Amino acid sequence: MLLMCAILALVPGVALSGPPPIAAAGQARSAEVLSFDGVRYLHRWSKNGHNEYTPADQPDLRRWRQMLTLIEKPGMNPRQMAQWAQATASGFEERGILFGKDQPVAGEYRLLGVLRDSGVVEVNYARFMQANGGAMLLMVQRRFYDDERREMADWVRDNTPRISRRLLDWGPLPKAAALAALPQSESE
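Residue numbers -17 to -1, 1 to 171, in mature numbering (1 follows the signal peptide of the UniProt record, and there is no 0), belong to the letters of the sequence shown in order.
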């Protein structure tokens, strides 16, 4: 979270709104658990459209290995989304390494970037798409700590084709109301 939060460019003027309170409880349940690449991810943290999930055996958001992040921008048009994707790509270039970017589907953007911080390297697969009446970023992240950082290059080589395919095929996407109904954090 700390690494990606530092590079995600937030677009001003995009308002977030939640569902009516009565509907919120049922909608939150539909976004509390997500599956990707055969792994079940549990909701851990949400704030202002930024939602983070880790596997059941990785509850500590300070030290996780796998994470799914969904960031919603209600009302964001395709031009604004392209700017958001470009700002994120620039962030990888400035603060880490941008290994690749492409447009696998018209109007979508995909990035592969690596960020480094003290004792950790984070691999980020990002897909920007139009969804739920705005834009959504789906990120699949994998961290390597301390000595295991040397394993990162082999892991990226061995897993990128599969993860990239699954990133494009992943669905159904959680509904905006279900994401907005998730418990919101008081902390950053």
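The C-beta atom is built at its ideal place from N, Cα and C for all residues, glycine as well.
Since we're looking at a predicted model, the values are computed, not measured.
- The stretch 52 to 89 is shown to contain whole beta strand (DSSP E) runs of 3 or more residues at 79 to 85, in chain order.
- Restricting attention to 148, 86, 26, 118, the CA atom closest to the CA of residue 168 is found in 26.
- Residue 158 holds the alpha-carbon nearest to the alpha-carbon of residue 116 among 158, 69, 15.
- DSSP places residue 149 in the helix class (H, G or I) of the three-state scheme.
- Put simply, the stretch 61 to 76 touches the stretch 99 to 117. At least three CB pairs are less than 8 Å apart.
- Residue 109 is bridged by DSSP to 94, 122.
- The stretch 56 to 74 makes contact with the stretch 89 to 100: 3 or more CB pairs, one atom from each, lie closer than 8 Å.
- Inter-residue distance for residue 16 and residue 39 is about 10 Å (C-alpha atoms, whole angstroms).
- If you compare the alpha carbons of 51, 32, 121 with that of residue 41, the shortest gap goes to 51.
- Collapsing the DSSP output to three states places residue 115 in coil.
- Contact check for residue 118 and residue 127: beta-carbon distance about 29 Å, past the 8 Å limit, so the pair fails to qualify.
- Residue 86 counts as exposed, since fewer than 16 other beta carbons sit within 10 angstroms of its beta carbon.
- Just measuring C-alpha positions, the residue of 136, 121, 132, 135 sitting nearest residue 150 is 121.
- Linking residue 13 to residue 156 through their CA atoms gives a straight-line distance of about 10 Å.
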